[in-house]
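Going down the list, the sequences are from chains V and G. Everything in the first sequence is counted per the UniProt record's numbering, starting at 1 for the first residue and increasing by one. Everything in the second sequence is counted per the UniProt record's numbering, starting at 1 for the first residue and increasing by one. Note that CB positions come from ideal geometry on N, CA and C, so glycine has one too.
Number of protein chains: 2
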Amino acid sequence: MFYLIGLGLFDEKDITVRGLETVKKCERVYLEAYTSILMVEKERLESFYGREVILADREMVESCSDEILNGAAEKDVAMLVVGDPMGATTHSDLILRARESNIPVRLIHNASIMNAIGACGLQLYKFGQTVSLVFFENGYRPQSFYDRIKENAELGFHTLVLLDIKVKEQSWENLARGRKIYEPPRYMSASLAAQQMLEVEEERGEGICSPETLAVAVARLGSDDQTIKAGTLAELAETDVGAPLHSMVIIGKNVHDLEIDFLRAFAVNSETFDTVSKKYLAH
Amino acid sequence: MFYLIGLGLFDEKDITVRGLETVKKCERVYLEAYTSILMVEKERLESFYGREVILADREMVESCSDEILNGAAEKDVAMLVVGDPMGATTHSDLILRARESNIPVRLIHNASIMNAIGACGLQLYKFGQTVSLVFFENGYRPQSFYDRIKENAELGFHTLVLLDIKVKEQSWENLARGRKIYEPPRYMSASLAAQQMLEVEEERGEGICSPETLAVAVARLGSDDQTIKAGTLAELAETDVGAPLHSMVIIGKNVHDLEIDFLRAFAVNSETFDTVSKKYLAH
Numbered sequence: 001m002f003y004l005i006g007l008g009l010f011d012e013k014d015i016t017v018r019g020l021e022t023v024k025k026c027e028r029v030y031l032e033a034y035t036s037i038l039m040v041e042k043e044r045l046e047s048f049y050g051r052e053v054i055l056a057d058r059e060m061v062e063s064c065s066d067e068i069l070n071g072a073a074e075k076d077v078a079m080l081v082v083g084d085p086m087g088a089t090t091h092s093d094l095i096l097r098a099r100e101s102n103i104p105v106r107l108i109h110n111a112s113i114m115n116a117i118g119a120c121g122l123q124l125y126k127f128g129q130t131v132s133l134v135f136f137e138n139g140y141r142p143q144s145f146y147d148r149i150k151e152n153a154e155l156g157f158h159t160l161v162l163l164d165i166k167v168k169e170q171s172w173e174n175l176a177r178g179r180k181i182y183e184p185p186r187y188m189s190a191s192l193a194a195q196q197m198l199e200v201e202e203e204r205g206e207g208i209c210s211p212e213t214l215a216v217a218v219a220r221l222g223s224d225d226q227t228i229k230a231g232t233l234a235e236l237a238e239t240d241v242g243a244p245l246h247s248m249v250i251i252g253k254n255v256h257d258l259e260i261d262f263l264r265a266f267a268v269n270s271e272t273f274d275t276v277s278k279k280y281l282a283h
Numbered sequence: 001m002f003y004l005i006g007l008g009l010f011d012e013k014d015i016t017v018r019g020l021e022t023v024k025k026c027e028r029v030y031l032e033a034y035t036s037i038l039m040v041e042k043e044r045l046e047s048f049y050g051r052e053v054i055l056a057d058r059e060m061v062e063s064c065s066d067e068i069l070n071g072a073a074e075k076d077v078a079m080l081v082v083g084d085p086m087g088a089t090t091h092s093d094l095i096l097r098a099r100e101s102n103i104p105v106r107l108i109h110n111a112s113i114m115n116a117i118g119a120c121g122l123q124l125y126k127f128g129q130t131v132s133l134v135f136f137e138n139g140y141r142p143q144s145f146y147d148r149i150k151e152n153a154e155l156g157f158h159t160l161v162l163l164d165i166k167v168k169e170q171s172w173e174n175l176a177r178g179r180k181i182y183e184p185p186r187y188m189s190a191s192l193a194a195q196q197m198l199e200v201e202e203e204r205g206e207g208i209c210s211p212e213t214l215a216v217a218v219a220r221l222g223s224d225d226q227t228i229k230a231g232t233l234a235e236l237a238e239t240d241v242g243a244p245l246h247s248m249v250i251i252g253k254n255v256h257d258l259e260i261d262f263l264r265a266f267a268v269n270s271e272t273f274d275t276v277s278k279k280y281l282a283h
């Protein structure tokens with residue numbers, strides 16, 4: 001059996017009891033190490049599981065799936081995935097390959113940002129499509145996120161914005177010279193995300209990500225020091241919510257009293273929050 | 001501390017290690033027993049936790065929140081919730097009450113249908129708002145779900161449709177006579193859901209839930225005998241996916257090759273699936 005096991009949001013204790021029991025009985029255990037980032041070291045997982053954990057980076061998952069799946073028709077092999085195992089396309093791909101080899105697959109689900117974002121008090125059923133925001137660099141400043149948020153906003157939906165993570169990236173120079181030297185990981189902060197959004201707003205001027213747009217910054221969700229801040233994009237562009245990982249929500253105009261009541265406790269500035277949120281409720 | 005702890009999708013082993021450790025140290029442990037349904041008995045949870053579990057039905061959570069929160073400023077009290085703790089508005093309400101009493105609150109997240117639906121291979125980021133479908137009864141046949149699916153469909157989004165659960169409902173007669181006698185629980189099947197959708201389509205005729213609309217029925221997600229069936233609404237209206245709980249997805253036209261490849265293994269009828277899904281991909 002090939003198991004895809006979600007590790008949940010934060011550390012080694014976020015795995016489910018079913019997931020833990022499964023890891024302990026597997027012949028080989030891989031840890032997918034690039035579509036998201038667990039905030040603990042591999043060694044800590046290993047001592048918690050009492051098992052060796054093999055790091056699987058993007059190269060390995062994409063080009064060595066045969067090696068990963070090897071023997072899984074008879075033995076138990078697990079791939080650990082931060083969050084829920086179906087959060088990334090790559091895992092659909094692995095499952096398709098397993099099916100081709102008649103290897104049975106079992107998913108063990110867990111929390112992911114896609115549902116745990118409910119922690120900020122916004123109702124999950126009112127979220128539209130999820131959007132990704134990448135680091136703006138030199139000439140590369142894709143604006144498609146703005147159109148996606150706009151599609152949601154026009155229907156009053158909230159938008160979860162996933163922020164870029166750069167892991168195992170190579171500099172142009174190292175890439176050109178074929179040197180496998182990697183840059184240190186980079187995680188987009190919510191404040192940088194807000195700044196990029198405001199920058200695009202200046203160009204587009206459609207009021208989708210304006211300085212008065214109400215948003216939520218979420219940091220280290222599920223950890224003991226999780227931080228949630230609600231405010232305008234102008235405020236959040238100036239707000240440091242600390243260590244990674246960060247995510248954001250752009251609040252839709254179809255927001256409910258109870259959602260606003262819940263968010264108020266997280267306001268960067270209660271005064272502006274009350275003023276701006278009133279306009280949302282009036283809608 | 002007041003803990004809201006997600007139990008995940010299926011049975012007692014879907015709780016996280018963090019959740020289990022927390023339950024074991026709490027003074028009082030409540031089990032929320034109405035916004036969703038865990039497929040195990042309270043007694044099985046109790047023996048797994050080694051703790052008494054107090055069932056909290058809707059009446060209790062809504063009118064006895066003081067009792068539930070009593071002493072939680074000094075002692076640890078937990079409320080167990082099937083799925084993720086922020087899946088239902090009621091819990092936002094409990095947290096607001098806790099805040100008023102200066103009781104610290106900690107969420108322990110878990111998988112819920114809102115993210116585990118990714119198991120069918122449809123990409124989570126392409127889902128729009130989530131829709132609920134209630135049992136049609138006598139004159140009560142609300143069609144708002146149709147408009148919501150239409151809003152999503154026009155943008156190519158998938159729609160997760162949550163199906164009605166009737167727990168602790170009273171008959172009109174018992175209600176009128178003030179007798180606290182409850183009907184046996186009822187869970188809407190995916191086939192009934194498809195039938196209701198087709199019925200509304202006949203009236204509306206906008207092609208949103210037509211007999212050829214591609215959809216997915218999901219049953220007992222996260223359990224050993226989870227069942228996923230993909231097909232047209234006409235097919236799914238005739239397909240029995242077994243014991244509860246069921247959910248559905250209406251597939252959006254913005255679907256990707258890989259999603260269709262993944263779904264094909266679940267097709268009720270591969271021939272119709274291939275014919276109909278081609279029209280989706282052509283879009």
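Cutoff 8 angstroms: residue i Cβ touching any chain G Cβ
i             : result
residue 111/V : yes
residue 127/V : yes
residue 86/V  : yes
residue 18/V  : yes
Whether residue i touches residue j by CB criterion (8 angstroms)
i             : j             : result
residue 98/G  : residue 22/G  : no
residue 119/V : residue 188/G : no
residue 14/V  : residue 168/V : no
residue 241/G : residue 190/G : yes
residue 268/G : residue 212/G : no
residue 196/G : residue 136/G : yes
residue 84/G  : residue 230/V : no
residue 222/V : residue 109/V : no
residue 80/G  : residue 31/G  : yes
residue 121/G : residue 2/G   : no
residue 17/V  : residue 29/G  : no
residue 69/G  : residue 103/G : yes
Cβ-based burial, residue i [other Cβ within 10 Å; buried from 16]
i             : result
residue 115/V : buried
residue 63/G  : exposed
residue 186/V : exposed
residue 72/G  : buried
residue 129/V : buried
residue 224/G : exposed
residue 11/G  : buried
residue 152/V : buried
residue 140/V : exposed
residue 243/V : exposed
Chain V contact for residue i (CB, 8 angstroms cutoff)
i             : result
residue 150/G : no
residue 130/G : yes
residue 92/G  : yes
residue 114/G : yes
residue 193/G : no
residue 179/G : no
residue 143/G : no
residue 107/G : yes
residue 15/G  : yes
residue 257/G : no
residue 273/G : no
Residue from the options whose Cα sits closest to the Cα of residue i
i             : options                       : result
residue 208/V : 276/V, 156/V and 146/V        : 146/V
residue 254/V : 158/V, 194/V, 224/V and 141/V : 158/V
residue 127/G : 249/G, 83/G and 51/G          : 249/G
residue 100/G : 264/V, 54/V, 10/V and 279/V   : 264/V
residue 252/V : 178/V, 232/V and 238/V        : 232/V
residue 66/V  : 88/V, 53/V and 93/V           : 93/V
residue 19/V  : 154/V, 202/V and 49/V         : 49/V
residue 198/G : 234/G, 174/G, 90/G and 260/G  : 234/G
residue 42/G  : 82/G, 60/G, 203/G and 17/G    : 82/G
residue 8/V   : 40/V, 26/V, 27/V and 24/V     : 40/V
residue 4/G   : 202/G, 88/G and 59/G          : 88/G
residue 166/G : 154/G, 68/G, 183/G and 257/G  : 183/G
residue 125/V : 138/V, 143/V, 156/V and 107/V : 156/V
residue 138/V : 172/V, 144/V and 163/V        : 172/V
residue 90/G  : 177/V, 143/V, 117/V and 259/V : 259/V
residue 74/G  : 26/G, 117/G and 228/G         : 26/G
Any non-hydrogen atom of the ligand NAD within 7 angstroms of residue i CB
i             : result
residue 238/V : The ligand NAD is not part of the structure shown, which contains no ligands of any sort.
Integer Cβ distance of residue i from residue j, believed to fall under 8 angstroms
i             : j             : result
residue 161/V : residue 133/V : 5 angstroms
residue 246/G : residue 215/G : The Cβ separation is near 12 angstroms, so there is no contact.
residue 150/G : residue 206/G : 7 angstroms
residue 52/V  : residue 59/V  : In fact, because the Cβ distance is near 20 angstroms, the residues do not count as touching under 8 angstroms.
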